[in-house]
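Below is one structure; the comments refer to it alone.
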Amino acid sequence: MSAAAAAAAASAANVAVIGGGISGAVCASLLAARGVAVTLFDSGRGAGGRMAQRREVMEDGTELRFDHGAPYFTVSNDEVARVVSGWEARGLVAEWKAMFACFDREAGKFTDFEKEGTIKKYVGVPGMNSICKSLCLEDGVVAKFGVTIGRMDWIQDRSSWLLASLDGRDLGHFDYVVATDKNIASPRFSGLTGRPPPLDLSLLPQLSMMIQDIPVRPCFALMLAFSEPLTKVPVQGFSFNNSDYLSWAFCDSSKPGRAHVPLNSQSWVLHSTAEYASKVINNIGPRKPSADALAKVAEELLKEFQATGLNIPQPIFMKAHRWGSAFPAIAISGDDKCVWDKSMKLAICGDFCTSPSVEGAVLSGMRGASKILWLVNSHYYLELEMLKAIVSLHIMVPHLQQKQESIYMRQITFEDKFAGFGASQAITDAQLGSSPGLHVA
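At position 141 of the sequence shown (counting the first as 1) the number is 141 in the UniProt record's numbering, and the numbers step up by one without a gap.
Shown next, in the form of structure tokens:
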């Protein structure tokens, strides 16, 4: 199919993307770049998901920012590497040339120092959420934040989805839906909201066992600011061995592009163990924790950090955040990289489909876009061939003739706009579904 014909087909499609994390943002961006009308919904205040950046203000008015979710990401897949290279050229990401090690809690010393440059680490600039924010602002993407999807109804006679918000607002009809929230059909949604999950799995019995209750690993993040550097810590990031409380520590202020860090201060982000987080959540319940509960978590994690013997002083700022279900414990879709139901025109994407990493989420979002674009183009091609056959038989039924003229006009309209389109994209045609290997019934 020519670029103009593909553009005409895409322009007739209307896609809802649920979730503004990296998987949803990548998928929305790729679809919009091919002319698809995309509306992205996210329950948060902005894009990022687990790549969000937290803004805090101290009592004296000093502003602090923390990458309290994913601290960085690595790339091993060639497709993702090409996309990340494009982001790097645009100034959205940069390499974090950090030294990492492991700290043995029982021995009280650092071990397994990583050689610099062994694994290239990327961070968003000036925050981890910069990538998602930029992708959600691209032409063709309409992003609506502060909107939680409450219902997804399949309208059979229209072959489309009708979405409604948690508070009952009608969000419109969509030809395709991309869901990147692992709780879209999970009982965890009910535990958090008191309402049934948005997606009724009786519509998708073949997928119910796969997506109903994806295991997760909870985590608490502790954001800390110190008035001076931690001189006894010789690395910018380290994991913990033999700690019941802490799994990782990262010097957030050592990342490139963090101009907001106050002079001579340091900011750190600590991640708890999943076992500690599970124990706390079991005690306080699945709903949003109270300020008192988070303050107690902060005190316990700081105490463990100070017990390392690394001369950790009292911080000038301290706050905990709960990630209740952000980190998947399994991957559910195997080589497909996303869950795809062609008949219902539904793609489910995220790191829980591939691997629990930023790279896995990016790859899954790319695959979701390829599935939709392939189906959009297939439907258009079949419709066009049918109309050509009718014309050749001189069966000029009025409404079909009008439809044919409309399709040809769309081709003409988009001819100039999409001339040379494929050469300018950061993703190849093979990645976007022209390869037979990506065509899944």
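C-beta: ideal position from N, C-alpha, C; glycine also.
Since the structure is predicted, the reported quantities are computational estimates derived from the model, not experimental observations.
Quick one: residues in its chain with C-beta nearer than 6 Å to the C-beta of residue i, no 5 flanking neighbours on either side, listed in chain order?
i: T354; result: A331, K337, G360, L363 and S364
i: V222; result: The sequence given here places Leu at residue 222; Val does not occur at that position. Taken in chain order, the residues that qualify are L270, A298, L301 and A320.
i: K144; result: F41
i: A107; result: none
i: S333; result: V339 and C353
i: N14; result: A37, F174 and D175
i: L166; result: T148 and G150
i: G172; result: none
i: T413; result: Summary for T413: the model assigns pLDDT 38, below 50, so the residue's position carries little reliability, and this model does not support an answer.
i: K232; result: L310 and N311
i: D416; result: Reliability fails at D416, whose pLDDT of 37 lies under 50, so the model's placement of it is uncertain and no value is given.
i: S243; result: R105
i: L157; result: In the sequence as presented, Leu is not what sits at residue 157; that position holds Asp. Excluding sequence neighbours, D157 sits near nothing in its chain.
i: G237; result: A98, F100 and F250
i: S227; result: S265 and I316
i: G49; result: G21
i: V177; result: A16, W161 and L346
i: V123; result: Y72, W96 and K255
i: P262; result: T62
i: F103; result: F110, F238 and F240
i: M210; result: I332
I think residue i touches residue j, with their Cβ atoms under 8 Å apart; what is that distance to the nearest whole Å?
i: A32; j: D139; result: 7 Å
i: K120; j: E95; result: 6 Å
i: L207; j: D341; result: 6 Å
i: K182; j: S43; result: No, K182 and S43 are not in contact; Cβ-Cβ is about 13 Å, not under 8 Å.
i: G69; j: W323; result: 7 Å
i: L135; j: A28; result: 7 Å
i: S357; j: F113; result: Not really, about 23 Å apart at Cβ, beyond 8 Å.
i: C234; j: F110; result: Sequence inspection shows Pro at residue 234; the Cys mentioned does not correspond to that position. Sure, about 7 Å apart at Cβ, within 8 Å.
i: P126; j: G46; result: Incorrect: roughly 14 Å between the Cβ atoms, too far for contact.
i: G350; j: S76; result: The pair is not a contact, with the Cβ atoms about 18 Å apart (cut-off 8 Å).
i: L203; j: A179; result: Incorrect: roughly 13 Å between the Cβ atoms, too far for contact.
i: L30; j: A369; result: 4 Å
What are the start and end residues of the beta strand (DSSP E) that includes residue i?
i: D153; result: I149 to I155
i: V178; result: Y176 to A179
i: I211; result: That residue, I211, is in no beta strand (DSSP E); its alpha helix (DSSP H) goes P205 to I211.
i: K144; result: V141 to F145
i: T111; result: K109 to T111
i: S190; result: Careful: S190 lies outside any beta strand (DSSP E), inside the alpha helix (DSSP H) at P187 to T193.
To which residues of the same chain is residue i closer than 7 Å at the C-beta, ignoring the five residues directly before and after it?
i: V80; result: E359, V362 and L363
i: V57; result: E63
i: A329; result: P215, V216 and R217
i: A225; result: L64, S265, S267, P315, I316 and F317
i: Q212; result: A185, S186 and L201
i: S130; result: L92 and G124
i: V141; result: A28, S29, A32, V38 and L40
i: P313; result: F226
So residue i is in the alpha helix (DSSP H); what residue range does that whole segment cover?
i: Y276; result: A274 to I284
i: V83; result: D78 to A89
i: residue 442; result: Residue coverage of the chain in this structure runs from 1 to 441, which leaves residue 442 outside it and unanswerable.
What residues match up with residue i in a beta bridge as DSSP calls it?
i: E59; result: Partner(s): none; E59 has no beta bridge.
i: Q266; result: F226
i: I18; result: F41 and A179
i: L346; result: V177 and D341
i: F240; result: F103
i: A164; result: R151 and D170
i: L246; result: S272
i: C353; result: Answer by DSSP bridge pairing: none, since C353 is not bridged.
i: V93; result: G124
i: A221; result: H271 and H321
i: C27; result: None, per the DSSP bridge assignment.
i: G48; result: G21
i: residue 443; result: The structure shown does not extend to residue 443, since the chain spans only 1 to 441, so no value can be given for it.
i: K54; result: One detail in the question is off: residue 54 reads as Arg in this sequence, not Lys. Paired residues: F66.
i: L199; result: M152
Could you tell me whether any non-hydrogen atom of the ligand COA is closer than 8 Å to the CB of residue i?
i: N241; result: Among the components modelled here there is no ligand, and therefore nothing to report on the ligand COA.
Ordered along the chain, which non-local residues of its own chain (more than five positions away) have a Cβ less than 8 Å from that of residue i?
i: A274; result: R217, P218, C219, S247 and F327
i: A291; result: none
i: R90; result: S134
**Start-end ranges of the alpha helix (DSSP H) lying completely within the region 290-334, minimum 4 residues** = 291-306
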